[in-house]
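The UniProt record's numbering puts the first residue of the sequence shown at 1, with every later residue one more than the last. Ideal Cβ placement from N, Cα and C applies to all residues, glycine included.
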Amino acid sequence: MATQDHLPEDLVVEILSWLPAKSLVRFKSVCRSWYVTITDHNFAHKHFSNSFPNHILLKRLVTSESNNKEYVYSFLPYPLHLSGSVLNIFYPYLCYYPDECEISNYDIRGHSHGLVCLSDLYTGIYLWNPSTADIRELPPTIILAEPALTSVTNAVGFGYNSKTGDLKVVRVMYHADMTDMVRFIEVDHLPRVEIFDLSKNRWREIQTPVCGFVIWNPSFEMYYEGMFYWWAEDDDTEFILSFDMSEEVFGRISVPESFELDDEKYRSAGTLNGSMVLFHYPKSGDERRFDIWKMEKDFVGVSWTKVFTIAPGFGIEKPLAFVSSAELLMEASEGQVVLHNINTQEVKDIPMEGNPPATFIRAVVFIQSLFSVMGGNNIAY
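Printed below as a string of structure tokens:
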């Protein structure tokens with residue numbers, strides 16, 4: 001090939017390491033030497049170190065041409081002026097018989113290093129690389145229920161252990177008496193916790209107390225800077241439950257004192273300028289305001305400061321994710337995705353050609369990678 005005849009191999013590798021992951025997947029078929037380079041784990045590290053958060057991973061419930069409801073995963077390039085449309089990507093069927101699967105129940109349970117964890121809390125847990133379309137189901141739990149009791153997954157989280165350079169999944173389980181399959185459960189035993197280390201490719205149980213019961217809220221669950229966060233409750237008190245991916249311990253974070261904790265308010269989480277933020281807003285109403293609280297940590301503990309309030313009148317349904325220090329991606333009332341500038345209050349529609357209005361939108365700022373979902377190698381540099 002002419003390129004290889006005239007360019008040193010190390011320069012070819014350097015050029016390839018700056019290309020998008022999806023392009024590199026296609027380039028594996030160019031020649032054998034490129035295939036060997038692109039599939040090499042060291043190259044995956046080099047490529048990831050050259051990458052930055054320049055894509056938004058969207059999950060949307062849309063109506064197809066046949067009038068069926070289906071979830072679609074898409075990449076939205078950022079900055080948004082690079083493209084005016086989304087690129088729909090492969091959505092994996094998560095069982096052998098798609099007609100029998102409720103794949104819409106699978107939610108994002110965290111993402112790190114280009115890999116996404118999917119789970120519905122009832123059946124399997126999956127790791128997915130949207131850039132390469134690779135997916136795998138994790139082995140079943142090693143925590144077996146006692147006779148007459150049922151294992152119930154209460155929480156799943158996914159993140160990075162900076163001490164070992166490994167990715168891991170944490171699962172919190174209860175053994176409960178299923179008195180009514182429609183209604184919720186009566187918990188009879190203390191929770192048990194297991195960890196799946198991607199490099200070791202197996203589950204292990206850890207002995208650590210869990211200080212609360214996780215409330216199902218996919219829009220809140222988030223991994224950020226070594227910690228995974230859930231919304232939880234204990235003795236009628238709601239709070240943020242954290243899990244340290246390196247130390248493997250749970251923690252409890254109080255919410256702002258002025259928080260109105262009732263069923264008429266939504267809570268979701270995100271990041272802004274290197275800090276975790278909370279979004280707090282009513283479920284409905286024309287005069288809804290969206291409060292944004294920023295978490296600050298010091299040697300004393302955690303404190304909260306309200307940094308923004310988005311006034312009513314913009315036709316906003318819910319916040320999705322900050323894509324810059326001033327730009328907040330939001331779901332509009334008509335099912336469109338818009339970009340809201342919190343400084344100027346300007347709202348811009350994001351055109352999505354060929355994509356109908358959607359509901360139940362999730363968005364995460366995403367770094368594409370070539371890392372394998374199969375594990376066997378540490379992510380550490």
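Does the structure place the segment 214 to 224 close enough to the segment 193 to 202 that three or more beta carbon pairs sit under 8 Å? Under the 8 Å Cβ criterion, the segment 193 to 202 does not count as touching the segment 214 to 224, having fewer than three qualifying pairs.
For P256 versus F290, is the C-beta distance shorter than 8 Å? What you label residue 256 is simply residue 256 of the sequence shown in a count that begins at 1. What you label residue 290 is simply residue 290 of the sequence shown in a count that begins at 1. Taking 8 Å as the Cβ cut-off, P256 and F290 do not qualify as a contacting pair.
Any idea if I108 is buried or exposed, counting beta-carbon neighbours within 10 angstroms, 16 or more meaning buried? Residue mapping note: residue 108 aligns to position 108 of the sequence shown, counting from 1. Label assigned to I108: buried.
Write down every uninterrupted run of the beta strand (DSSP E) in the segment 303 to 346 whose length is 3 residues or greater and which is fully enclosed by it, in chain order. As far as the segment 303 to 346 is concerned, its whole beta strand (DSSP E) runs of at least 3 residues are 316 to 322, 327 to 332, 337 to 341.
Residue environment, R202, which counts as buried when at least 16 other CB atoms sit within 10 Å: Counting from one through the sequence shown, the residue named residue 202 turns up at place 202. With fewer than 16 other Cβ atoms from the protein chains shown falling within 10 Å of its own Cβ, R202 counts as exposed.
So T305 packs on K297, CB below 8 Å; how close in whole Å? Residue 305 sits at position 305 when you count from the first residue of the sequence shown. Residue 297 sits at position 297 when you count from the first residue of the sequence shown. Not quite, the Cβ-Cβ distance comes to about 12 Å (not below 8 Å), so this is no contact.
Helix, strand or coil, according to DSSP, for S369 in the structure here? To locate residue 369, count along the sequence shown from 1; it is residue 369. Here S369 sits in coil by DSSP.
Measuring CB to CB, does S242 end up less than 8 Å from Y229? Numbered from 1 along the sequence shown, position 242 holds the residue referred to as residue 242. Numbered from 1 along the sequence shown, position 229 holds the residue referred to as residue 229. Between S242 and Y229, the gap from beta carbon to beta carbon is short of 8 Å.
Among A176, K283, V172, I367, which residue has its Cα nearest to the Cα of E205? What you label residue 205 is simply residue 205 of the sequence shown in a count that begins at 1. Looking from the CA of E205, the closest CA among A176, K283, V172, I367 belongs to V172.
Ignore the nearest five residues each way along the sequence and tell me which others in S17's own chain have a CB closer than 6 Å to its CB. As a first step, residue 17 is located in the sequence shown; it is residue number 17 there, counting from the start. Within the same chain, K46, H47, N50 come within 6 Å of S17 by CB-CB distance, once the 5 residues on both sides are set aside.
Just verifying my parser: in three-state terms, what is the DSSP assignment at A176? Start at 1 with the first residue of the sequence shown, and residue 176 comes out as number 176. In this structure, A176 counts as strand in the three-state DSSP scheme.
Report yes if the CB atom of P53 is closer than 8 Å to the CB atom of F366, and no otherwise. Reading the sequence shown from its first residue, position 53 is the one you call residue 53. Reading the sequence shown from its first residue, position 366 is the one you call residue 366. For the pair P53 and F366, the CB atoms are nearer than the 8 Å cut-off.
Confirm, please, whether the CB-CB distance from S119 to Y160 is below 8 Å. Working through the sequence shown from its first residue, we reach residue 160 at position 160. Working through the sequence shown from its first residue, we reach residue 119 at position 119. Not closer than 8 Å, so no.
How long is the line joining the alpha carbons of S369 and V170, rounded to whole angstroms? Taking the sequence shown and counting its residues from 1, one reaches residue 369 at position 369. Taking the sequence shown and counting its residues from 1, one reaches residue 170 at position 170. Taking C-alpha positions only, S369 is separated from V170 by approximately 22 Å.
Hey, could you find the ends of the alpha helix (DSSP H) R26 is sitting in? Here residue 26 refers to the residue found at position 26 of the sequence shown. In this chain, the alpha helix (DSSP H) harbouring R26 covers 21 to 27.
Look at the alpha carbon of P20 and the alpha carbon of E137, and state the distance between them as a whole number of angstroms. Your numbering for residue 20 matches position 20 in the sequence shown. Your numbering for residue 137 matches position 137 in the sequence shown. Approximately 26 Å, taken between the alpha carbons.
Same chain, Cβ closer than 8 Å to S29, neighbours up to 5 away in sequence not counted: Indexing the sequence shown from 1 puts residue 29 at position 29. If we look at S29 and ignore the five residues flanking it on each side, its Cβ neighbours are Y35.
I361 to L144 span [Cα, whole Å]: By one-based count along the sequence shown, residue 361 stands at place 361. By one-based count along the sequence shown, residue 144 stands at place 144. Each residue's alpha carbon lies about 35 Å from the other.
Distance check for V307 and V277, CA to CA, integer angstroms please. Start at 1 with the first residue of the sequence shown, and residue 277 comes out as number 277. Start at 1 with the first residue of the sequence shown, and residue 307 comes out as number 307. Using only the alpha carbons, I get a separation of about 9 Å.
Nearest neighbour of V72, chosen from P79, Y78, L58 [CA to CA]: As a position in the sequence shown, residue 72 is number 72, starting the count at 1. Out of P79, Y78, L58, L58 has the C-alpha closest to the C-alpha of V72.
Hey, would you say A332 sits closer than 8 Å to E317, going by beta carbons? Numbered from 1 along the sequence shown, position 332 holds the residue referred to as residue 332. Numbered from 1 along the sequence shown, position 317 holds the residue referred to as residue 317. In contact: A332 and E317 (Cβ atoms closer than 8 Å).
Using a Cβ-Cβ cut-off of 6 Å (strictly less than) and excluding sequence neighbours within five positions of P209, which residues of its own chain qualify? Along the sequence shown, read from residue 1 onward, the residue named residue 209 stands at position 209. Excluding sequence neighbours, P209 sits near nothing in its chain.
Comparing C-alpha positions only, which one of S74, L167, T141 sits nearest to S131? Sequence index remark: in the sequence shown, residue 131 carries index 131 (1-based). A check of alpha carbon separations from S131 across S74, L167, T141 identifies S74 as the nearest.
Cα separation between G110 and L328? Locating residue 110 in the sequence shown gives position 110, counting from the first residue. Locating residue 328 in the sequence shown gives position 328, counting from the first residue. As the crow flies, the alpha-carbon of G110 is around 20 Å from that of L328.
Among G212, K168, R267, which residue has its Cα nearest to the Cα of Y223? Here residue 223 refers to the residue found at position 223 of the sequence shown. Checking every option, the nearest Cα to that of Y223 belongs to K168.
Near I310, which residues of its chain fall below 6 Å by C-beta distance, leaving aside the five closest residues on each side in sequence? The residue you call residue 310 lines up with position 310 of the sequence shown. Closer than 6 Å at Cβ, skipping near neighbours: F290.
Give the range of the beta strand (DSSP E) segment to which I195 is assigned. Counted from its first residue, the sequence shown places residue 195 at position 195. Where I195 is concerned, the enclosing beta strand (DSSP E) starts and stops at 192 to 197.
Which value, in whole angstroms, describes the spacing of the CA atoms of R267 and H41? For this step, residue 267 is matched to residue 267 along the sequence shown. For this step, residue 41 is matched to residue 41 along the sequence shown. Their backbone Cα atoms lie some 39 Å apart in a straight line.
At a cut-off of 7 Å, is K294 close to the ligand SAH when judged by its beta-carbon and the heavy atoms of the ligand? Absence of the ligand SAH is noted for the structure shown, with no ligands found whatsoever.
May I ask you to report which of helix, strand or coil DSSP gives V116? Residue mapping note: residue 116 aligns to position 116 of the sequence shown, counting from 1. Three-state result, V116: strand.
Tell me where the beta strand (DSSP E) around residue 389 begins and ends. Since the first residue shown for the chain is 1 and the last is 381, residue 389 is missing from the structure and cannot be characterised.
Can you check DSSP and say which residues form a bridge with Y229? As a position in the sequence shown, residue 229 is number 229, starting the count at 1. The secondary-structure analysis by DSSP pairs Y229 across a beta bridge with M222, S242.
Would you list the residues sitting across from F158 in a DSSP beta bridge? For the purposes of this step, residue 158 is taken as residue 158 along the sequence shown, with counting starting at 1. Paired residues: V169.
Reduced DSSP secondary structure (H/G/I, E/B, other) of E9: The sequence position of residue 9 within the sequence shown is 9, counting from 1. In the structure shown, E9 falls within a helical segment according to DSSP collapsed to helix, strand and coil.
Given S325, which residues of its chain have a CB within under 6 Å of its CB, disregarding the five upstream and five downstream residues? As a position in the sequence shown, residue 325 is number 325, starting the count at 1. Same-chain partners within the cutoff: N273.
Bridge-paired residues (DSSP) for D40: Numbered from 1 along the sequence shown, position 40 holds the residue referred to as residue 40. Secondary-structure assignment with DSSP links D40 through no beta bridge to anything.
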